[in-house]
Amino acid sequence: MLSRLTRLQAVAVCALPVAGLIAAAALAPLPFSVAQPGMTANVLGKNQGTQVITVSGAPTRETNGQLRMTTIEATGPDADVTLVDVVDNWFRTDRAVMPRDAVYPTGNSVKEIEQHNAEQMQQSQDAATQAALNYLKLSDKDVKVTLKLADVGGPSAGLLFSLGIIDKLHGDGSGGDLTGGRTVAGTGTIDTDGTVGAVGGVALKTQAARRDGATVFLVPKDECAEAKSELPKGLRLVPVTTLKGAVNSLLALQKGKGPVPSC
-3 MLSRLTRLQA VAVCALPVAG LIAAAALAPL PFSVAQPGMT ANVLGKNQGT
47 QVITVSGAPT RETNGQLRMT TIEATGPDAD VTLVDVVDNW FRTDRAVMPR
97 DAVYPTGNSV KEIEQHNAEQ MQQSQDAATQ AALNYLKLSD KDVKVTLKLA
147 DVGGPSAGLL FSLGIIDKLH GDGSGGDLTG GRTVAGTGTI DTDGTVGAVG
197 GVALKTQAAR RDGATVFLVP KDECAEAKSE LPKGLRLVPV TTLKGAVNSL
247 LALQKGKGPV PSC
């Protein structure tokens, strides 16, 4: 004869599959990536032993100070991010949980994503070169610019590339450095007409910038709020919308004349 289960026994029996489901859900992969502050590179100098900006066809100048492009490091497109990972990183100020679609193109293999990022970087370099030469009123038929930055993909270094080219060719226009000898960091896409675009991940990029010595950070104006959310002490935000505006802000900082916009 079968005996009846007590209420406590029944709850325990029912709880077993529920606990199993919860455990499975906690370990199931989710469509997120976990990002953190990445490397920065001074576009006026060398990266991994290779000069980032090389110019021929026009005289260049020795530069002081630094212009550091910034990056984030995210879990790979094929990495499994679980609920446990999301919870562990959600409240950390040096981590960001982002939809994977916001970090990587959807529906692509790892190889295709790497190719896509490489193509974006090349397009960004071409646009940055043209924007800088347009600003300086120089012809790309006479001046050749080569940009090399290993292990970095995507378009977010465009603004810093343009500023680096301008500093190497023109400086502040009166013999000084565009940076004023500072370590300036930043991020932003660039179009050939000099328009600066948003990139994402700026709250992490400001942390990378300050870690590597920057005191000024150029940020696309539309991303001011995000940049301010976890702003490291000692880092000044300067919002930009155009290459010309970025140059003018750096000149104002250097010479102490004229307004410097703030977020």
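In our numbering, the protein residues as written are -3 to 259. Glycine included, C-beta positions come from ideal geometry on N, C-alpha and C.
Range covered by the beta strand (DSSP E) that runs through residue i
i	result
N38	28 to 38
S52	49 to 52
V77	Careful: V77 lies outside any beta strand (DSSP E) and carries neither H nor E.
V236	232 to 236
Helix, strand or coil at residue i according to DSSP, with G and I counted as helix
i	result
V148	coil
V334	What the structure shows of the chain is the stretch from -3 to 259, and residue 334 is not part of that stretch, so it cannot be assessed.
A70	strand
T202	helix
L156	helix
K140	strand
T89	coil
T183	coil
T59	coil
L17	With a pLDDT of 37 at L17, under the threshold of 50, the modelled position of that residue is not reliable, and the figure given next carries that caveat. L17 falls in the helix class under three-state DSSP.
R64	strand
S241	According to the sequence shown, residue 241 is Gly rather than Ser. Helix.
Residue interval of the alpha helix (DSSP H) (run including residue i)
i	result
A221	220 to 225
L174	Run containing L174: none; DSSP gives neither H nor E here.
Between the CA atoms of residue j and residue i - distance to the nearest angstrom
i	j	result
T179	V83	35 angstroms
V39	I186	15 angstroms
L155	G182	8 angstroms
L263	I161	This structure cannot settle anything about residue 263, because the visible part of the chain is limited to -3 through 259.
Y225	R57	The sequence given here has Ser at residue 225, not Tyr. Rounded to whole angstroms, S225 to R57 spans 37 angstroms at the Cα level.
H166	P55	9 angstroms
G72	N113	13 angstroms
S29	G252	42 angstroms
> For the 8 angstroms Cβ check, are there 3 or more pairs between the segment 115 to 124 and the segment 83 to 102?
Replying inline: Between the segment 115 to 124 and the segment 83 to 102, the count of Cβ pairs shorter than 8 angstroms is below three; the stretches do not touch.
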